[in-house]
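Let me begin by presenting the structure, written as structure tokens, before commenting on it.
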Amino acid sequence: MISKHAVVQTDLIGARVEVHEFAVIRKGARLGDGVVVHPHVVIGSGVEIGADTEIFPGTVLGKAPKGPAISRAIEFVPHIVIGPGCALGPNAVVFCGVEIGTETLLGDGASIREGGRIGARCILSRHVTLNYDVTVGDDTKIMDNTHITGLSCIGKRVFISTGVSTANDNSLGLYGYRKEAIRGPTIEDEAAVGASATLLPCVVVGRGAIVAAGAVVTKNVEPGVLVMGCPARVVRRLSA
Amino acid sequence: MISKHAVVQTDLIGARVEVHEFAVIRKGARLGDGVVVHPHVVIGSGVEIGADTEIFPGTVLGKAPKGPAISRAIEFVPHIVIGPGCALGPNAVVFCGVEIGTETLLGDGASIREGGRIGARCILSRHVTLNYDVTVGDDTKIMDNTHITGLSCIGKRVFISTGVSTANDNSLGLYGYRKEAIRGPTIEDEAAVGASATLLPCVVVGRGAIVAAGAVVTKNVEPGVLVMGCPARVVRRLSA
Amino acid sequence: MISKHAVVQTDLIGARVEVHEFAVIRKGARLGDGVVVHPHVVIGSGVEIGADTEIFPGTVLGKAPKGPAISRAIEFVPHIVIGPGCALGPNAVVFCGVEIGTETLLGDGASIREGGRIGARCILSRHVTLNYDVTVGDDTKIMDNTHITGLSCIGKRVFISTGVSTANDNSLGLYGYRKEAIRGPTIEDEAAVGASATLLPCVVVGRGAIVAAGAVVTKNVEPGVLVMGCPARVVRRLSA
């Protein structure tokens with residue numbers, strides 16, 4: 004069912020696809036069988052969407068990064084690949100050059116910048132923002148209003164709670180963009196980060212470690228420990 | 004005035020209703036007298052809107068929760084009741100199964116999940132996210148970018164500042180969804196929570212208590228006291 | 004190129020303007036040469052847009068503040084002036100009575116309330132919310148999910164990281180809106196504020212000072228010092 008009020012410029016559309024009113028789908032976009040496109044969605048020309056994925060109103064897939072005032076050089080490919088069985092939006096934004104695995108959920112207003120690689124069965128909840136070139140492993144959940152900075156690396160089965168902040172530049176942007184000095188946190192498999200925690204540039208949170216709510220992580224966290232406080236210190240070793 | 008560019012599938016529309024361009028209103032939705040629907044709004048079939056409520060562009064009323072990767076069972080009713088005199092959006096999202104009282108304001112991008120019960124004369128400011136089954140009493144204000152976790156209970160005349168995080172699972176999601184172990188904070192009438200504060204699962208903030216900015220609340224807070232710090236401790240008793 | 008699916012009620016449109024599908028542009032709006040308006044954008048009647056500015060899908064320019072439940076009296080002018088070479092959105096919101104300088108970037112869902120004065124070459128990143136009557140100087144960057152409270156004053160070449168909260172009312176809204184008691188922070192030129200920091204009402208962060216990640220600033224910060232902790236204390240003087 005393609006609404007007569009939609010603008011569909013591609014013919015690469017599978018069986019049983021629904022496109023609702025006032026959606027805009029550009030030439031060259033590919034929609035797998037059973038994809039549902041709600042009203043007011045925009046899908047750019049390099050976007051490929053797996054079967055049975057549902058895209059809620061106002062979501063934008065295929066935004067080109069545009070950067071007056073951005074200090075680093077912006078590079079991206081126009082392609083986006085979204086796996087089957089995902090649910091995206093409403094009002095989510097996926098920039099060019101992103102890949103998303105099977106059955107992943109993007110909440111309202113979630114936004115993924117260019118170069119993102121998101122695994123299968125992930126949740127990126129409402130208003131979660133991922134900056135450029137972030138990797139997220141399978142089965143990882145990131146809760147509402149959390150920001151993941153550019154060049155972060157997040158493992159599998161990780162849980163990141165709400166209101167978490169991450170940073171990638173110890174100079175706080177004061178010296179422009181020095182590519183060699185910029186790196187976000189690394190969070191290894193099965194680690195968990197509590198609400199309102201803050202992770203500073205380059206820190207590694209080891210496998211299975213827990214960062215308590217409100218902690219400010221300034222140094223690497225060993226695998227399998229619980230850290231708390233500001234600055235975060237080891238409180239105890241977790242039983243495996 | 005119904006724009007010829009809108010899609011209006013219901014005829015349950017009161018007097019003096021305005022529906023602007025590219026809005027989509029599904030069959031069965033009810034709009035009271037004087038309701039204003041701005042461009043690009045989507046209103047689902049089970050939505051009932053009180054008189055003189057104004058719905059700003061891009062707002063979505065009646066989203067069904069859809070949860071690939073959500074570990075709990077999702078239940079909801081398709082019905083939404085929104086009281087008279089409200090202002091919603093732009094780009095706000097109200098899920099199915101929500102009730103909102105008279106003259107309440109939802110800021111841009113505010114989002115209320117299924118089972119929400121919001122009182123009269125509340126403000127849920129920009130990008131505020133309420134998870135499932137949250138109760139908010141009359142005359143309560145929740146400021147920008149704050150997240151209220153599922154199964155939280157917030158009283159009347161409460162003030163919650165900006166950037167506040169709340170959590171409902173002490174196991175940080177590591178054991179899946181264990182319904183009996185999940186509970187958000189309770190914030191009693193006339194309490195206030197400062198900017199960037201964090202409330203851990205199950206804590207009760209007593210009537211008229213104040214949680215200082217940046218505090219991490221790990222235990223119940225007695226009525227009428229001021230708490231500060233990480234973990235939050237009582238600083239003094241407030242005069243009534 | 005004006006899409007036949009757009010609603011364009013103004014004729015004050017420059018050369019080489021693009022207006023895409025389902026955009027709505029009200030009578031009296033002015034678009035400079037080379038402006039690009041993506042699908043589902045709404046531009047109100049008092050909006051003036053400089054040359055070559057690009058407005059991404061779902062962005063709303065010219066929202067009138069509407070305040071059931073807002074305790075202060077709301078005043079605004081319908082006019083908005085946006086400089087040349089800006090990039091706005093997707094899903095950004097600019098209220099009435101705002102001015103934005105040359106080549107400034109608003110990220111997805113960024114929102115500027117009435118009375119905002121934003122300089123040139125600024126970045127207000129994703130989901131950044133500015134409340135009413137905020138001033139931001141040239142070349143200032145405010146990162147994702149940060150909230151700037153009403154009546155704040157931010158200088159030039161300032162960097163404000165992600166997840167920063169600011170407050171303007173020491174009584175936490177408990178006594179209604181007392182105009183004489185309300186004031187946001189002042190952040191002087193070239194200062195930097197780290198991730199998850201909190202700035203309390205009326206504080207002044209001096210020129211070139213640095214507020215560390217997670218700090219809670221309760222008192223004025225002298226120019227040129229580094230402060231840390233909760234409450235924030237001077238750690239050292241920065242070399243100039």
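Residue numbers (this note's numbering), protein chains in the order written: chain A, 4 to 243; chain B, 4 to 243; chain C, 4 to 243.
Note that the Cβ used here is the ideal one computed from N, Cα and C, for glycine as well.
Nothing here was measured: the structure is a model prediction, and the numbers come from that model.
For residue i, which residues in chain C fall below 9 Å Cβ to Cβ?
i        : result
GLY112/A : ASN94, ASP111, GLY112, ARG129 and HIS130
GLY61/A  : HIS43, PRO60, GLY61, PRO93 and ASN94
From the beta carbon of residue i, is the nearest beta carbon of chain C less than 8 Å away?
i        : result
VAL237/A : no
ASP192/B : no
GLY88/B  : yes
LYS66/B  : no
VAL10/A  : yes
Verify whether the separation of the beta carbon atoms of residue i and residue j is less than 8 Å.
i        : j        : result
THR107/A : ALA95/A  : no
SER155/B : GLY187/B : yes
VAL228/C : ALA212/C : yes
ARG210/C : PRO226/C : yes
PRO71/C  : CYS99/C  : no
VAL49/B  : GLY65/B  : Looking at the sequence provided, one finds Gly at residue 49/B rather than Val. Yes; because the gap between Cβ atoms is below 8 Å, this pair is in contact.
SER199/B : SER199/C : yes
GLU2/A   : VAL44/A  : Residue 2/A cannot be examined here, being either before or after the span of chain A that is shown, 4 to 243.
GLY112/C : GLY112/B : yes
THR138/C : ASN148/B : no
VAL214/C : CYS233/C : no
GLY140/A : LYS159/A : yes
Let's test the definition: count the other Cβ atoms within 10 Å of the Cβ of residue i and tell me whether it reaches 16, buried, or not, exposed.
i        : result
ALA9/C   : buried
LEU241/B : exposed
LYS222/C : exposed
ARG129/B : buried
LYS144/A : buried
MET146/A : buried
GLU183/C : exposed
VAL230/C : buried
ILE190/B : buried
LYS7/B   : exposed
ARG239/A : exposed
TYR180/A : exposed
TYR135/C : buried
GLU24/C  : buried
ASP36/A  : exposed
ILE185/A : buried
ILE83/B  : buried
ALA18/C  : exposed
ILE126/A : buried
ALA26/B  : buried
LEU195/C : According to the sequence displayed, residue 195/C carries Ala and not Leu. Classification of ALA195/C: buried, given that the 10 Å Cβ count is 16 or more.
ILE77/C  : exposed
Along chain C, in chain order, which residues have C-beta atoms closer than 8 Å to that of residue i?
i        : result
CYS233/A : GLY217, GLY232 and CYS233
Interface residues of chain B around residue i at Cβ under 8 Å?
i      : result
LEU2/A : Here chain A covers residues 4 to 243 and nothing more, so residue 2/A does not appear.
For residue i, return the contacting residues in chain A, with the cut-off set at a CB-CB distance below 8 Å.
i        : result
ALA170/B : SER164, THR165, GLY197, ALA198 and ALA216
Starting from the beta carbon of residue i, find every residue of chain A whose beta carbon is closer than 7 Å, and list them in chain order.
i        : result
LEU203/B : ALA216
HIS150/B : ASP147, ASN148, THR165 and GLY166
GLU24/C  : VAL10 and VAL27
Looking at the C-beta of residue i, does it have a partner C-beta in chain B at a distance below 8 Å?
i       : result
GLU21/A : no
If we cut at 8 Å on Cβ distances, does residue i have a partner in chain A?
i       : result
GLU57/C : yes
At least one CB of chain E closer than 8 Å to the CB of residue i: is that the case?
i        : result
LEU154/C : Judged by its chain identifiers, the structure shown contains no chain E, and its protein chains are A, B and C.
Check: Is the segment 4-20 of chain C touching the segment 31-40 of chain C in the sense that three or more CB pairs, one from each, lie closer than 8 Å?
Finding: Because the criterion of three Cβ pairs below 8 Å is met, the segment 31-40 of chain C and the segment 4-20 of chain C touch.
Margin query: Is it the case that the segment 160-170 of chain C contacts the segment 102-121 of chain A, given that we only count it when at least three CB pairs across the two stretches are under 8 Å?
Written below: Contact check between the segment 102-121 of chain A and the segment 160-170 of chain C: fewer than three CB pairs, one atom from each, fall below 8 Å, which does not count as touching.
Next item on the list: Could you say if the segment 171-186 of chain C and the segment 201-216 of chain C meet the contact criterion of at least three C-beta pairs nearer than 8 Å?
Entry: Judged by Cβ distances under 8 Å, the segment 171-186 of chain C makes contact with the segment 201-216 of chain C, as three or more pairs qualify.
Next item on the list: Report yes or no: do three or more beta-carbon pairs, one from the segment 54-74 of chain A and one from the segment 89-103 of chain A, lie closer than 8 Å?
Entry: Yes, the segment 54-74 of chain A is in contact with the segment 89-103 of chain A.
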